[in-house]
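What the sequence shown shows, in the numbering used here, is residues 60 to 606, in sequence order.
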Amino acid sequence: MFGSGSRGRKVHRAAVGAVSIAAVLAAAACSPAGSGSSSSSSTTSAAAPVVSGSSAPSGGTGSSGATPAPSGGTFVVARTGDVDQLDPQKATAFQTVETLSLVYSRLVALDQDGKVVPDLATRWDTAADGKSLTFTLRSGVTWHDGDPFTAADVKASITRILDEKTAAVARSNLKAITAVDAVGTDQVKLTLSAPSTALLYSLASVNSAILHAKDITANSIAKTPDGTGPFVWTKWAQGQQVTLTANSKYFGGSPKIGTLQFRVIPAESSIVSGMKAGAFQLGILSDPTVADNAGTSGRFTLVKQPVLSYHALMLNGRKGPLKDVRVRQAIACAIDRDQVVKTAANGDGTVTGPITSPGFQFSPTDGLACKPGDTAAAKALMTAAGYGSGITLNTIVETGEYATAVAEGQNLQSQLKAIGVTLTLKQLTTDPYVKAWLAADFDAAVALNGGSYDPYLMYGRYYTTGGSLSLPGGLDSATLNDLLVKGNTSTVDADRQKIYQQLQSELLKESPWVWMFRSDDYYLVGSGATGFKPRADELLTSLASTS
């Protein structure tokens, strides 16, 4: 259920043409980054959004040195879940990622089309051998507490991610970095063990957020967020509301919104009612049925956005019967993905394989041991593995973050009965689900995982040796590790296409998870809101320029 550099919520319907990502990355990384287009890599984005319809507190408080918000009014975002922690380098739950992305900046960012653009770094230069990158930092940037931003903050932040004790989500995505050196106050040099085609995308992730060095030293990251982003962390009423205020000194320009509130509204139907009443300016939905029934209103417009994330049944291949690949293959064969889409998602989804990156389009099922929905073949695999009499799997399901999870679990439960596999569903809210998921305290997990524009970022942290999320990944595989390393170090796009096609086929053969479908996100945008643009990676960064 987690992100690309983070976790995601919903997913992607339209087919998108392949692009030469590696070639663009290699060419762009070697040129100055005076502007986004001259310095950054380019990819094809997910399809454009479709618009319909008409027009008791806990946690940290704001930094004492923050500049008061300008008089831009209050903008309220209604969503079903709350943040679960305050450390962006450890965040996996999507509501946490989307919130902290507005508080913290990164060295580079992704624009609306998935292209790498400057953020805290204004340019980056790659050595001829691809084994070092030097970033020139933006001048005049200040932290929310008023301190100046320097290269020392970047060095401390990346060093913290690479420290295994931190348990940072992005550690395995950045493990090509062997040294981080501050060059004066305005440059940082990263030395690499080998070229890394996914590195810029990794650095653009919220999990690679740049932190204040003094906060790292004080061990205060998880207590009071202190970033350089467009909004200042102000208040968290846990389970109810997060309040941010505009950073009038933001290097990208002061936001037009004075106060930004994220309110927790558990029922999506109540979000619709609140939008109709004018109580919220933006409503985030994940249930296609609720979205379809939202109707038209002069108070809001319904926007549907294809995204990169995907729904999966994750299997813990280190436990019990699931250690046997034939059992995992049987489960993967028994599940009719179309039935899950029709039953749980109101038919609003597209069957997917492991890789959802727009530039890498492969068959979603080539590599499976048998055709999806073939229960006879699945039963034969169970019998061959010695489990013809059936097995029971303790299965965690998250509630509160995306609406279709329980329905997915119930449909999977019904389908798998046909081959003697019993799913015992344990419904958990976000915080306990995340803890159980990170600890791999499950046999199976109904999950929604974030996609990425680069396949390495999707699976390197799960299936490379020592990957930062290898525990919930549930499988140790030298083959998967080698394919991921080869794909990330290759700079020839044709080679990367072949390598990642092999990776997808191997993932389907090993069946550590059952990949089901991609779908859409839905936004109810208030008629008075201008400038909001949904994104394929599901971040809400356009709120910095929304009025």
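Each residue gets a CB set at the ideal place from its N, CA and C atoms; glycine is no exception.
For Asp351, the enclosing alpha helix (DSSP H) covers residues Pro347 to Asp351. Ser473 is the residue among Phe359, Ile414 and Ser473 whose C-alpha sits nearest the C-alpha of Ile390. DSSP, reduced to helix, strand and coil, places Val551 outside both helices and strands of the structure shown, so it counts as coil. Rounded to the nearest whole angstrom, the CA to CA distance from Thr256 to Thr550 is 7 Å.
Of Thr524, Leu530 and Val544, the smallest CA-CA separation from Ser536 is found for Thr524. Assignment of Asp541 by DSSP, reduced to helix, strand and coil, places it in the helix class. Shortest Cα-Cα distance from Cys392 to any of Thr415, Ala428, Gly376 and Lys363 involves Ala428. Residue nearest to Ala305 within the set Gly288, Pro423, Ala404 and Tyr461 is Gly288 (criterion: CA-CA distance).
In this structure, the straight-line span from the alpha carbon of Phe359 to that of Ser586 is close to 5 Å. Residues of the same chain with a CB within less than 6 Å of the CB of Gln563, apart from the 5 flanking positions on each side, are Gly412, Pro413, Ile414 and Phe421 in chain order.
Per the coordinates, the alpha-carbon of Val323 lies some 27 Å from the alpha-carbon of Leu169.
Runs of alpha helix (DSSP H) with 4 or more residues, each lying fully within the region 228-282, are found at 258-262 and 272-277, listed in chain order. Here DSSP, grouped into helix, strand and coil, assigns Tyr369 to strand.
Counting only the Cα atoms, Pro254 lies some 41 Å from Thr589.
With a cut-off of 8 Å on Cβ pairs, the region 314-321 is in contact with the region 129-142, counting three or more such pairs. Between Val362 and Pro593, the CB-CB gap stays under 7 Å.
Residue burial annotation: Asp513 is buried, with at least 16 other C-beta atoms found within 10 angstroms of its C-beta.
In this structure, Ala499 and Gly533 form a Cβ contact; the two beta carbons are roughly 7 Å apart against a cut-off of 8 Å. The beta carbon of Val493 is closer than 7 Å to those of Asp143, Thr151 and Ala152 in its chain, skipping five residues each way along the sequence. For Ala503, the secondary structure class from DSSP, reduced to helix, strand or coil, is strand.
Distances from the alpha-carbon of Trp496 to those of Leu530, Asp407, Thr463 and Tyr515 put Leu530 closest. Take the alpha-carbon of Asp490 and the one of Ala186: they are about 43 Å apart. When C-alpha distances from Gly526 are compared across Asn232, Asp245, Val505 and His370, the shortest belongs to Asn232.
DSSP places Arg358 in the coil class of the three-state scheme, outside both helix and strand. Taking the C-beta atoms as reference points, Ser578 is found no nearer than 7 Å to Asp395. In the structure shown, Ser448 falls within a coil segment according to DSSP collapsed to helix, strand and coil. Here Ala350 is buried, its C-beta having at least 16 other C-beta atoms within 10 Å.
Membership of Lys485 in the beta strand (DSSP E) is indicated by the continuous run Val480 to Leu487.
Pairing Thr463 with Ala404, the inter-Cα distance amounts to about 6 Å. Judged by DSSP in its simplified three-state form, Pro207 adopts strand. A Cβ-Cβ separation of about 19 Å leaves Leu507 out of contact with Tyr522 under the 8 Å criterion. Runs of beta strand (DSSP E) with 3 or more residues, each lying fully within the region 297-340, are found at 300-305 and 318-323, listed in chain order. In the DSSP assignment, Leu583 falls within the beta strand (DSSP E) that extends over Asp579 to Gly585. Note that the region 330-350 does not touch the region 184-202; fewer than 3 beta-carbon pairs, one per stretch, sit closer than 8 Å.
Distance check between Lys378 and each of Arg387, Glu327 and Ala180 places Arg387 closest, using alpha-carbon atoms only. In the structure shown, Lys568 adopts helical secondary structure according to DSSP, grouped into three states.
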